[in-house]
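Below: one structure, written as structure tokens.
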Amino acid sequence: MRKRKNKTEEGLDNLKTYYKKLHLSMRTVGLDAGVRENALERDLLESQNEKVGLRARVAELERSLH
212 MRKRKNKTEE GLDNLKTYYK KLHLSMRTVG LDAGVRENAL ERDLLESQNE
262 KVGLRARVAE LERSLH
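Numbered by this note's numbering, the letters in the sequence shown go through residues 212 to 277 in order.
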């Protein structure tokens, strides 16, 4: 009877440890996704700014040709 109780408690401890690791992994993934999203937004903004600058440069070059 005591062996079974010890095995049960050991199994419960293993499940608790697994749950904690899984929970931490899920939080880490969530944080990584947020960081990645911010980086993508920053890249998009930089690309849009570059696009505006290039359009202005093209317009300037077209004016200089005429």
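Yeah, the Cβ is synthetic: ideal placement off N, Cα and C, and Gly gets one too.
Which residue marks the beginning of the alpha helix (DSSP H) containing residue i, and which one marks its end?
i: H234; result: R213 to L276
Determine the direct distance from the alpha carbon of residue j to that of residue i, and round the result to whole angstroms.
i: K218; j: R238; result: 30 Å
i: K214; j: E221; result: 10 Å
i: Q259; j: S275; result: 25 Å
i: E273; j: A267; result: 10 Å
i: L256; j: L223; result: 49 Å
i: L226; j: K262; result: 53 Å
i: L265; j: Y229; result: 53 Å
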